[in-house]
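For the record, the sequence lines run as chains P and V.
Take the first sequence: its letter number 13 is residue 13 in our numbering, and every next letter is one higher.
Take the second sequence: its letter number 99 is residue 99 in our numbering, and every next letter is one higher.
Have a look at the structure below before the remarks.
2 protein chains.
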Amino acid sequence: MSTTGTRPPTARGRRSRDAIVDAAADLMHSRGIAATGLGDVLRASGTGKSQLYHYFEGKSDLVLAVIDRQLERVLAAQPGLAGGGDVRAWAAALYELHRDGGGPFACPLGVFSGQVDAEPRWREHQAAAFARWQDRIAALLVAGQRDGTVDAGRDAAEMAVGVLAAVQGGLMLARLHRDLHVLALALDAAVDHVRPRPA
Amino acid sequence: MSTTGTRPPTARGRRSRDAIVDAAADLMHSRGIAATGLGDVLRASGTGKSQLYHYFEGKSDLVLAVIDRQLERVLAAQPGLAGGGDVRAWAAALYELHRDGGGPFACPLGVFSGQVDAEPRWREHQAAAFARWQDRIAALLVAGQRDGTVDAGRDAAEMAVGVLAAVQGGLMLARLHRDLHVLALALDAAVDHVRPRPA
């Protein structure tokens, strides 16, 4: 799904590129983008400098691929966004993901907030990643409008903004307080926000 | 309101300490905590090393005072949290603050999310600052419950978590997209979340 860097034509090339991006994503997630150097990425991925520069022009380019990878991770962890599900089940599964894994964890994408302000193309790429996540939530809400579990009188795309904001703020505060109940309350608010209202 | 560092007994001492904390807060807000050195703070504040070490043990101590200062700024910018107001007026004023100032801006406190994970006492101090903000929102909701504009059937402290999550997520996404409408939608969701519901 990456929109950046050269697409490796061979399976071996794809594995090398994936190893570089995975290592960079893990390091940038835990240490931050600024504190992650290309040397750290090479050591952690076990790849060589020539391979890295074959696939990426440099760190700035690699950050874009990391954002893509983090979005892939976010969407893969939320199968309820793949379509046809319902918003309550999706929110419950998101909560269970954090509870069962020993969270609350920082959002793989949200963790880069602020950090991407350092380069306009990082910020634009991060904004596009969030827009894709938001589109998936909007599609879930449209499905809910069809089956009557989501308010059909409001715009699904606009409601999706409120839902994603609740998820992001909820994850941030839950992580800060090391308290899963904070995440549960934020998700409840998100689900509550979209339900059908009496006129 | 600072809980850290020596309290200067003289007005001149307080001005020196304030200049140090203000400069540190501005630098850490724009560059991040990790990228802000004590040398930068000394240059920006026009104070001397001996003054800084008179008030603070070092950078770690200064970060706590910066978090306090950022909370002061947040609360000063939201007079609607001083009591007696209503939640709709508070949310509208928060939106206007960002619109009229040329925002959306990053939250002075929320901008440190993730960064404070580097030291447990930073994280705990940041969590306590957010708890104080949340308590103010809860008090606003209690006032609303009394006058019938906020759902009296739910716990104000729990609703305040959802409201603060919406504000944080909304500011983060609005700042990322450079789009005030995102903030408006998140604040609408927060206000909507607390309104009285038919049984």
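Note that beta-carbon positions come from the ideal geometry of N, C-alpha and C, so glycine has one too.
Assigned secondary structure, residue i (DSSP; H/G/I helix, E/B strand, else coil)
i	result
P/PRO198	coil
V/ILE33	coil
V/PRO79	helix
V/GLU72	helix
V/LEU187	helix
P/GLU96	helix
P/ARG121	helix
P/ALA214	In the structure as shown, chain P begins at 1 and stops at 199. Residue 214 of chain P is therefore absent and cannot be evaluated.
V/ASP86	coil
V/ASP40	helix
P/SER45	helix
P/GLU158	helix
P/ARG15	helix
P/GLY105	At residue 105 of chain P the sequence reads Phe, which differs from the Gly that was named. Coil, per DSSP.
V/ARG175	helix
P/PHE130	helix
V/GLY114	coil
V/GLY144	helix
V/ARG7	coil
P/GLY58	coil
Cα-Cα separation between residue i and residue j, rounded to whole angstroms
i	j	result
P/ALA190	V/SER60	36 angstroms
V/ASP117	P/ARG69	23 angstroms
V/TYR95	V/SER45	31 angstroms
V/LEU97	V/VAL66	22 angstroms
V/GLY170	V/THR47	37 angstroms
P/ALA186	P/ALA166	6 angstroms
V/GLU158	V/GLY148	18 angstroms
P/ASP26	P/ALA19	11 angstroms
P/PRO120	V/ARG178	11 angstroms
V/LEU38	V/ARG31	13 angstroms
V/SER16	V/TYR55	9 angstroms
V/ASP135	P/PRO104	22 angstroms
P/VAL111	V/ALA152	35 angstroms
P/ARG154	P/GLU72	29 angstroms
V/LEU62	P/GLU124	33 angstroms
P/HIS29	P/PRO196	38 angstroms
V/LEU164	P/LEU52	42 angstroms
V/PRO108	P/ALA11	46 angstroms
P/VAL41	P/ALA34	13 angstroms
V/GLY114	V/ARG146	37 angstroms
V/GLY102	P/LEU75	33 angstroms
P/PHE130	V/VAL150	31 angstroms
V/GLN78	P/ALA128	31 angstroms
V/ALA93	P/ARG88	32 angstroms
P/TRP133	V/GLY13	50 angstroms
P/VAL21	V/ALA184	36 angstroms
P/ALA139	P/ALA156	8 angstroms
V/GLY80	V/ILE137	9 angstroms
P/GLY83	P/ALA91	14 angstroms
V/ASP188	V/ALA106	19 angstroms
P/LEU173	P/PRO9	43 angstroms
Residue i at chain V interface by Cβ criterion, 8 angstroms
i	result
P/PRO79	no
P/PRO108	no
P/MET28	no
P/GLY162	yes
P/PHE56	no
P/GLY201	The question about residue 201 of chain P has no answer, for chain P in this structure spans 1 to 199.
P/ASP192	yes
P/GLY170	yes
P/ALA35	yes
P/GLN267	The structure shown does not extend to residue 267 of chain P, since chain P is modelled only from 1 to 199, so the question has no answer here.
P/ARG136	no
P/HIS177	yes
P/LEU173	yes
P/GLN51	no
P/GLU201	Given that chain P is displayed from residue 1 to residue 199, the structure contains no residue 201 of chain P and the question cannot be resolved.
P/VAL66	no
CB contact below 8 angstroms: residue i versus chain P
i	result
V/THR3	Note that V/THR3 has pLDDT 47, beneath the 50 cutoff, so the model's placement of it is unreliable and no number is given.
V/ALA92	no
V/GLY114	yes
V/PRO198	yes
V/PHE130	yes
V/LEU185	yes
V/ARG123	yes
V/VAL87	no
V/VAL111	yes
V/GLN145	no
V/VAL182	yes
Cβ distance (whole Å) where residue i is taken to contact residue j below 8 angstroms
i	j	result
V/ASP100	V/GLY144	Rounded, the Cβ-Cβ distance is 25 angstroms, inconsistent with contact.
P/ALA160	P/LEU141	6 angstroms
V/HIS227	P/HIS193	No statement about residue 227 of chain V is possible, as the shown extent of chain V runs from 1 to 199 and does not include it.
Distance cut-off 7 angstroms: residue i Cβ against heavy atoms of the ligand ATP
i	result
P/THR149	What this structure holds is no ligand at all, so the ligand ATP is not there to describe.
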